[in-house]
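**Q**
Residue numbers (my numbering), protein chains in the order written: chain A, 1 to 140; chain B, 1 to 140; chain C, 1 to 140.
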């Protein structure tokens, strides 16, 4: 059984490869390369796999899950400029793909337990663009 | 090919383990344990797997699917207090997980045919919390 | 990793099997068989699988993906009457299932590259009905 919690956070970023010039970055990233950065209201869906406890009927304590997402993702990322304030995005381009991978890496060890594991991370950068990381692919 | 129909229904519930006291239930379930119960507008997505009929181009007759969901889920659950009016929730805590499992158990035999099978049930309890039951996991 | 782009287009269609009469078509398709046709605002989600480029952090150039969807789907289908203006729907009933399959067939060869492949097509005909075609099933 899969339980999914949705949260959101807002952050600024700019997508530029440091070794490339303005024209090449704009050709690669379009307006995402605009030097002063810009913001998105990211929506994050985190899916945990497990079986419901036979007494409580819960796969995971939802208050605990909310606390984990608040502590591991919202606190370090919300209202930050990712490239300037959140590692490794001083070195790594904060595309939706790289941000989703970083969120996966932050959450996976914390959500691993004898009863549950992280199954999927879905990150919406805008309402018409999202990235999924799924455990099966991750393990390949 | 997968065809998904979305419906909604409204119901009240309270999440409490009968053998535990107030403090323990509130520690487990938070406001979901509030004794008088409370309501949700549940949204249910039911996914059927099959191949389109070569003449009609349909995996399943959508009017028939709507009738099945109306009869098996909406009629027994809509505008009910789950713990008081819908079995087995007099005995089983109506968490989103247990409710999704019960919906799966109600629909699976009715949607099994030579051409189609139930592939997935997704139940939104709120806009930021949903539970999935997927056939592959179910069969393990 | 999976990257999904959402677009929309509006089109008219009518669902009728040519060899059947009015009563049989209405029994099969309900109001979808109404002879003058009717429109939907289709929403299409196209999912591409691949690994992010280690330098750019992108699975696929999103501007290029948008151009492909514009050229292969929006230009031929948007504001058209599918049965009259878009092949093969002069011969094939444009149910959501058949339309999703046609969209898959148009996109798959164009999105196949050494780095990416088409993973999933999801077509919403209305907000409460959608069809998925997923690569694993497609390949069986």
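For each residue, glycine too, the CB sits at the ideal point set by N, CA and C.
Look at the Cβ atom of residue 33 of chain A, then the Cβ atom of residue 14 of chain A, and state whether they are nearer than 8 Å.
**A** Between residue 33 of chain A and residue 14 of chain A, the C-beta spacing is below 8 Å.
**Q** Quick check: the Cα distance between residue 140 of chain A and residue 104 of chain A, rounded to an integer number of angstroms?
**A** Residue confidence for residue 140 of chain A is low, a pLDDT of 39 falling below 50, so the modelled location carries little weight; the figure read from the coordinates is stated next. Straight-line Cα distance between these residues: approximately 15 Å.
**Q** What is the rounded straight-line gap between the Cα of residue 138 of chain B and the Cα of residue 119 of chain A?
**A** In this prediction, residue 138 of chain B scores a pLDDT of 43, lower than 50, which makes its location untrustworthy; the coordinate-derived value is nonetheless stated afterwards. Straight-line Cα distance between these residues: approximately 16 Å.
**Q** Indicate whether the contact test is met: 3 or more Cβ pairs, each with one atom in the stretch 90–97 of chain A and one in the stretch 11–30 of chain A, closer than 8 Å.
**A** The answer is yes - the stretch 11–30 of chain A touches the stretch 90–97 of chain A, with three or more Cβ pairs under 8 Å.
**Q** Pull out every residue of the stretch 30–44 of chain A whose Cβ sits closer than 7 Å to any Cβ of chain C, in chain order.
**A** 30
**Q** Residue 52 of chain C: beta carbon under 7 Å from a heavy atom of the ligand FAD?
**A** Absence of the ligand FAD is noted for the structure shown, with no ligands found whatsoever.
**Q** Does chain C have any CB closer than 8 Å to the CB of residue 108 of chain A?
**A** Cβ-Cβ to chain C under 8 Å: no for residue 108 of chain A.
**Q** For residue 121 of chain B, decide whether its Cβ has a neighbour in chain A, counting only Cβ atoms nearer than 8 Å.
**A** no
**Q** If you measure from the beta carbon of residue 67 of chain A to each beta carbon in chain C, is any gap under 8 Å?
**A** False, the Cβ-Cβ gap to chain C never drops below 8 Å.
**Q** Let me know if residue 88 of chain B comes out buried or exposed under the rule of 16 or more other beta-carbons within 10 Å of its beta-carbon.
**A** exposed
**Q** Given residue 50 of chain A, which residues of its chain have a CB within under 6 Å of its CB, disregarding the five upstream and five downstream residues?
**A** So the qualifying residues of the chain are 59, 115, 116.
**Q** Could one say the Cβ of residue 63 of chain C lies closer than 8 Å to chain A's Cβ atoms, at least one of them?
**A** yes
**Q** Could you give the DSSP three-state label for residue 144 of chain A: helix, strand or coil?
**A** Shown here, chain A extends from 1 to 140; a query on residue 144 of chain A therefore has no answer.
**Q** Which residues of chain C have a Cβ atom closer than 7 Å to the Cβ of residue 56 of chain B, listed in chain order?
**A** 17, 28, 93
**Q** How close, in whole Å, do the beta carbons of residue 44 of chain C and residue 78 of chain C come, if the pair is a contact with beta carbons under 8 Å?
**A** Actually they are not in contact, since the Cβ atoms of residue 44 of chain C and residue 78 of chain C sit about 11 Å apart, beyond 8 Å.
**Q** Anything in chain B within Cβ reach of residue 59 of chain A, meaning under 7 Å, just list it in chain order.
**A** 97
**Q** Of the choices B:4, B:37, B:20, B:1, whose alpha-carbon is the least far from that of residue 11 of chain B?
**A** B:37
**Q** Could you tell me whether the Cβ of residue 5 of chain C comes closer than 8 Å to any Cβ of chain A?
**A** yes
**Q** Note down, in chain order, each residue of its chain lying with its Cβ closer than 8 Å to the Cβ of residue 20 of chain B, except the 5 sequence neighbours on either side.
**A** 28
**Q** Please tell me whether residue 141 of chain C and residue 69 of chain B are closer than 8 Å, where the distance is taken between their beta carbons.
**A** Only positions 1 to 140 of chain C appear in this structure, which leaves residue 141 of chain C out of reach.
**Q** For residue 25 of chain B, count neighbouring C-beta atoms within 10 Å of its own C-beta (all shown protein chains included) and say buried if the count is 16 or more, exposed if not.
**A** buried
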